[in-house]
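First the structure, in the form of structure tokens, and then the observations on it.
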Amino acid sequence: MIEFLLNNDKTTLHSIDPNTTVLEYLRNHRQRTGTKEGCASGDCGACTVVTAELAPNQQLLYKNINACITLISSLDGKQLITVEDLKNQQQLHSCQQAMVDTDGSQCGFCTPGFVMSLFALKKNQQQQDTNTSDDRHQVQQTLAGNLCRCTGYNAIYKAAEQTLNTPDDDQFSTDQAHTIAQLLLINNQSGQQSTVLSDDQHHCYMPKNIDQLAQLLLTYPDSTLVAGGTDLAIGITQHAQRYHQLISINQVSQLQIFTVNDRQIEIGAALSLHLCQQKIAPYFDDFAQLLERFASLQIRHQGTLGGNIANASPIGDTPPALIALSAKLQLRKGTQTRQVELEDFFIDYRKTSLASGEFIEKIIIPLPAAQSLAPLDTLLPASDCSGYAFKVYKVSKRLDDDISAICAASYIHLDQQRTIIAIKLAYGGMAATPKRAKLTEAALLGKTFTQQNIEAALANLAKDFTPMSDFRASSDYRLLVAQNLLRKLYIELQVDDTKAHKTRIFDYV
Amino acid sequence: MSNQPQHRLSHSEMLAKTQENLKTGAGKKVPHESAQRHVTGEAIYIDDRLEFPNQLHLYPILSTVAHGNILAINLDECRQVAGVERVITADDIPGHADIGPVLPGDPLLTQDKVEYVGQVIAIVAAQSMAIAKAAAALAVVDIQPLAAVLDVKQAHHLKHYVMEPHRHTIGDAQRGIQEAAQRLTGQLLIGGQEHFYLETQICSTVPTEEGGMLVFASTQHPSEVQKLVAQVIAVPLHKVMVDMRRMGGGFGGKETQAAQPACLAALASHLTGKPCKMRLPRELDMRMTGKRHPFLVEYQVGFTDEGLLMGLKLDLFADCGYSPDLSGSIVDRAMFHADNAYYLGNAEITGYRCKTHRASNTAYRGFGGPQGMLAIENIMDHIARHLQADPLSIRKLNYYQKEQRNITHYGQTVTGNLLDEMTAELEQSSSYQQRRQEIITFNQQHSYMKKGLALTPVKFGISFTATFLNQGGALLHIYTDGSIHLNHGGTEMGQGLNTKVAQIVAQEFQVDIEHILVSATNTDKVPNTSPTAASSGTDLNGKAAQNAARTIKQRLITFAQAHYGVSAEQIIFVNNHVKLAQKIVSFAELVQQAYFAQVSLSSTGFYRTPKIFYDREQATGNPFYYYAFGMACSEVIIDTLTGEYKVLRADILHDVGDSLNPRIDIGQVEGGFIQGMGWLTMEELVWDDAGKLLTSNPMSYKIPAITDTPNDFRVKLLENRKNPEDTVFHSKAVGEPPFMLGISVWCALKDAVASLSNYSCQPQLNTPATPEAILWAVQSAQSQKMAHSAPGVKH
């Protein structure tokens, strides 16, 4: 059984196939047809809806998500808001009015999705009190997962601007206290016991804490773990997959931690990629920048760091960055835990060393500061060169919401003589798993960090990798770009007044 | 039937109204008629319609082989699945089995052979889409593979064509080239483009008691769907009614290829007696339906030392896919636009319609025009690099002139030429020359980030080249309360056609558009319509609606003359009122009086485009009623280490004549530019060696997203330029022409790459110019530069 608010109506689902997506539920079960199916794979945003949930501070947190690849179980304890809910007393919501005023709709099919993303943008603006000078960037961040084929987006930018400049006095603000009270009631009623959503043949178990999760996995070793489900649900919508036993880890708060001590950062496996991005930015700016370009905000709200790792895709974006940072995983089975180096976790194409009944509990990233290392921005000739540099590059066909043709993450540690005393170069898109360029690393280790030495080492990349050709890029391109990104790393650490920090295409966005 | 107007204004109040202008007539900035319903989710698309209790859903069984003979089709297991109502093959078709729009070649369900991966062999009709899909997966089709032709050049060598080649000739191209001071040859590969309308192909059908069919189709061509459905189920056309309220995007992809799902749904309804719906999931839509034609271009060009064209031999090889579809007209239009804005003088342009074993490529915004235009723009760049001149100067040198050098290669005189003045205006407003210098400086100072700039023109011919299609129809009723119901033959796909046509009628009657309802396009209301295509929707149907309005207006005037004893000149329709000498009545009041006086308040309207003709045998004529012009100046930056790029700024000046609605027109221009840019940059179609499309979903096929828009986007409509032809309120068509403004982005990317060779070499940059394509062009330019500037090697 799950309980949620469909706008303001408390809705209880006792028996439903947990393979049902939110989109299917809205359109087929509730005849709410304002929300559209454009792709059923989370790539176009036409199905965007918004959930509001109780944040730890008991305030409402609004998220735009893709209804087409969100499983119904994830609504438990939340408020679901769809395009039908925004109009109030015959008045358009300010973000709807903005889309009308600026001609943000043409054919109208993508429009409900855009409206809902704008709505989430508006609600979060109020809650986070964001700096408006950064509006354009924020708009791009929020709307990168909404495709429009008609307008060319210029009108939609204007709609977003108008939305952000309109006071937020909508019915959701007015009703906020009531909504919070209702959600508290729902969440308290469901208690601390593990629950289950099922029809006769399909079951989704929803543990509330990590011990319940560990036990469920022992009881049902053949079950499938689902967190955000942004990849799993594509199996359902595109490949007619039907899961008989799912375990949803959305409600296990221990899996959503982000803690920092002197030595390391610990990130719960089910922390959303969006929260990862926000929380990791002070420590590893390039990691946060990479996460900004990880799929779309809709996906980052749902998808989790642990999910991206357990998925073991060769083109997952976070593993190269994490491997370069020497991240470890803490795995748990029953009451037993063990730690593995992330790079050893990937065995083969989509294969990991995770045992049956075992799950990822947290990701542990050692802090360079623990070794008294300072980050290097540039290698000024007169300055102390010792320190570390961590750079991540993602190259894809499209800037927004695209899968990497190649993702390169580099960690180097220099001493005062610019000798490379530690180096990790990890790549995605270059092999069947996220993988380090060990021969290239070896060629550079102990060498002085000079252009000449970098150039001399580049040939090793061709020995480290034999990348494949596919529709994203050819083998030759991947190899050449891998080399060029090492060149770029070198360039970025050199002094050059004319370039300032604009060394990447994304700096020109 | 007496409807009293709810609220009567006094004479002085009405007088005040008549001194104001109508706020929603022609030329006014009115929002899209459905905008309010788009943003609330209240706008109904076909899949949103309430389903019937006995509704059936269809799922196709597709060929997995590009070319082969079908040896056996075993559907027994599909039929066993609970919830499956019927499995249908070609044997079940009572009428025509071929739905080719112009020529045969498109079997509704293929029977003996398959000609592309994704061709429909059978369909399953079941109680739900999930059941139909699961059952379809159980089909066993035994296909004996045959050699597949997947390369356009190979098709050409084999003379594997869907139609015979066609040629436009003017002067003596060969001699012009031979005698020219400078000569170049080259080739260019132009990629295709998936339409990616957000609403995939869909149709819902309901059998009628007469044995006919009620068809709700997302189509740009309801009349053709009507005809094909009637032929497939073997009934006369009058038994089939097609209703089309709106499409969630069309772009040409629903001109002919909406017919297959419609005919399949109708066939299933006919066979089962139940309502049926066929909605293509995105992946199937992308596999089953055709796209923009990829082209191979080969050219020889001769020109003076200054860069003036002396002779051009241009071969256009179009990848048509497996069937003719509209390829005849599409390749013709590519040929018609291979001059773009330039006087060719001596030219021989040949279009080859190559047959490959892929989905049948089809109409897509621009209809071949963009490919032809890209060919000549590439040649302009090539000449400029060869002469180390700014490409803009070469373009301007070759522009059509007004009094001479103004005859196209198909014999039409270019009239209303705005090229020089628009170029001058945009060159100035975009600070082209100043930015050119700034970019040269930037490129000298930056080692691996390079900028590029390009200003390119568009001249696009307006009219269907199949002359008979240039006709429009409308049906207009005025009810006794003064409210107006309007239908026309065009279809609404987001382009704002219904809004514009309502504005035209509003202008004629001088009533606000809130009193005018344009309801779904319907074959019962306006018969025998042309597709909403070739940018012609407003030109044709707006004129037809105007014609209908004028017919009724004349009746009202005649009535008022008699009723009020005034002359026709004294009757003035203005701002929802009618002035009758000294008297003023509301429009609704006059309408009601006319009703009591037994005046017909309903009329059809019709329009055919004048002046146009084309003799295809001789390849000469005036196929276009007029030309629409546009200019775009784009600035880009590329990362020469990765090939990534970003459009920094785009300035556009576009000609829509006297705009019917500047808001809607700006939307068409902006959207067209971005779609054109997408075609030439990130939108890459990739097939495997066996002919299977690998980029068959938005995960792998990338259309522009929000960050791809230029950082600085300045779009302006050309002001104070009426269409010199007698179009509706002297407006110009706007659907397709702006698409080709996107060519400026591709030319700017080439400019950035060319900077690596000090602008001395033309980069070979095939389209789409993905980051990978750019990087290879960069590599090539860098090696050329090394070859050029390596004096040490020579001694």
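So the sequences go chain by chain: A and B.
The numbering of the first sequence is the numbering used here, which starts it at 34 and goes up by one.
The numbering of the second sequence is the numbering used here, which starts it at 8 and goes up by one.
Every residue, glycine too, gets a C-beta built ideally from N, C-alpha and C.
Can you look up residue i in the DSSP assignment and give me helix, strand or coil?
{"i": "Ser-751 of chain B", "result": "helix"}
{"i": "Leu-597 of chain B", "result": "helix"}
{"i": "Ser-666 of chain B", "result": "coil"}
{"i": "Lys-120 of chain B", "result": "strand"}
{"i": "Gln-791 of chain B", "result": "helix"}
{"i": "Ala-50 of chain B", "result": "coil"}
{"i": "Pro-408 of chain A", "result": "strand"}
{"i": "Ser-9 of chain B", "result": "Below a pLDDT of 50, predicted positions are generally treated as unreliable, and Ser-9 of chain B, at 49, falls in that range; the measurement from the model is reported next regardless. Ser-9 of chain B falls in the coil class under three-state DSSP."}
{"i": "Lys-120 of chain A", "result": "coil"}
{"i": "Ala-388 of chain A", "result": "coil"}
{"i": "His-39 of chain B", "result": "coil"}
{"i": "Lys-532 of chain A", "result": "Note that Lys-532 of chain A scores a pLDDT of 48, beneath 50, so its modelled location is shaky and nothing firm can be said."}
{"i": "Thr-212 of chain A", "result": "helix"}
{"i": "Glu-217 of chain B", "result": "coil"}
{"i": "His-802 of chain B", "result": "Confidence in His-802 of chain B is poor, its pLDDT being 34 and thus under 50, which makes the residue's placement unreliable; the coordinate value appears in the next sentence. Three-state DSSP puts His-802 of chain B in coil, outside helix and strand."}
{"i": "Ala-797 of chain B", "result": "The predicted position of Ala-797 of chain B is uncertain, since its pLDDT is 44 and thus under 50; a value taken from the coordinates is nonetheless stated next. Ala-797 of chain B falls in the coil class under three-state DSSP."}
{"i": "Gly-340 of chain A", "result": "helix"}
{"i": "Gln-478 of chain B", "result": "strand"}
{"i": "Val-66 of chain B", "result": "Per the sequence shown, residue 66 of chain B should be read as Tyr rather than Val. Strand, per DSSP."}
{"i": "Ala-88 of chain A", "result": "coil"}
{"i": "Met-500 of chain B", "result": "coil"}
{"i": "Gln-514 of chain B", "result": "helix"}
Rounded C-beta distance between residue i and residue j? I'm assuming under 8 Å.
{"i": "Tyr-350 of chain B", "j": "Gln-408 of chain B", "result": "7 Å"}
{"i": "Ser-70 of chain B", "j": "Ile-138 of chain B", "result": "In fact, because the Cβ distance is near 22 Å, the residues do not count as touching under 8 Å."}
{"i": "Ser-359 of chain A", "j": "Pro-399 of chain A", "result": "6 Å"}
{"i": "Gly-373 of chain B", "j": "Ala-481 of chain B", "result": "So it is not a contact: roughly 27 Å between Cβ atoms."}
{"i": "Glu-394 of chain A", "j": "Arg-365 of chain A", "result": "5 Å"}
{"i": "Ala-366 of chain B", "j": "Thr-296 of chain B", "result": "6 Å"}
{"i": "Ile-95 of chain B", "j": "Leu-274 of chain B", "result": "6 Å"}
{"i": "Ile-681 of chain B", "j": "Thr-716 of chain B", "result": "6 Å"}
Along chain B, in chain order, which residues have C-beta atoms closer than 9 Å to that of residue i?
{"i": "Met-132 of chain A", "result": "Ala-42, His-45, Val-46"}
{"i": "Tyr-316 of chain A", "result": "Neighbours of Tyr-316 of chain A on chain B: none; closest Cβ ~25 Å, over 9 Å."}
Let's test the definition: count the other Cβ atoms within 10 Å of the Cβ of residue i and tell me whether it reaches 16, buried, or not, exposed.
{"i": "Gly-48 of chain B", "result": "buried"}
{"i": "Ser-276 of chain B", "result": "buried"}
{"i": "Leu-57 of chain B", "result": "exposed"}
{"i": "Arg-6 of chain B", "result": "Because residue 6 of chain B is not part of the residues shown, which for chain B are 8 to 802, the question remains open."}
{"i": "Met-8 of chain B", "result": "With a pLDDT of only 46 at Met-8 of chain B, under the threshold of 50, the placement of this residue in the model should not be trusted; the figure read from the coordinates follows. Per the 10 Å Cβ criterion, exposed."}
{"i": "Ser-542 of chain B", "result": "buried"}
{"i": "Gly-808 of chain B", "result": "It is not possible to answer for residue 808 of chain B, since the shown part of chain B is limited to 8 through 802."}
{"i": "Ile-538 of chain A", "result": "buried"}
{"i": "Ala-774 of chain B", "result": "Position check: residue 774 of chain B holds Thr in this sequence, whereas Ala was assumed. Counting Cβ neighbours within 10 Å, Thr-774 of chain B comes out buried, since at least 16 surround it."}
At a CB-CB cut-off below 7 Å, which residues of chain A make contact with residue i?
{"i": "Leu-701 of chain B", "result": "Phe-504"}
Along chain A, in chain order, which residues have C-beta atoms closer than 8 Å to that of residue i?
{"i": "Met-689 of chain B", "result": "Lys-430, Arg-431"}
{"i": "Leu-426 of chain B", "result": "Neighbours of Leu-426 of chain B on chain A: none; closest Cβ ~24 Å, over 8 Å."}
Taking only heavy atoms of the ligand SAM into account, decide whether any of them is closer than 6 Å to the Cβ of residue i.
{"i": "Thr-452 of chain A", "result": "The model depicted lacks the ligand SAM and carries no ligand whatsoever."}
With a threshold of 7 Å between beta-carbons, can residue i be considered close to chain C, or not?
{"i": "Asp-435 of chain A", "result": "Chain labels in this structure do not include chain C; the protein chains are A and B."}
Given that residue i touches chain B, what residues does it touch there, using C-beta distances under 8 Å?
{"i": "Ile-189 of chain A", "result": "Ile-713"}
Using a Cβ cut-off of 7 Å, pull out every chain B residue sitting near residue i, in sequence order please.
{"i": "Tyr-541 of chain A", "result": "Ile-644, Lys-653, Leu-655"}
{"i": "Ala-79 of chain A", "result": "Leu-205"}
{"i": "Leu-176 of chain A", "result": "Ile-713"}
field: Any alpha helix (DSSP H) of 4 or more consecutive residues that is wholly inside the stretch 406-461 of chain B
entry: 426-436, 439-452
query: Which runs of the alpha helix (DSSP H) fall wholly inside the stretch 661-713 of chain B and span at least 4 residues, in chain order?
result: 669-687
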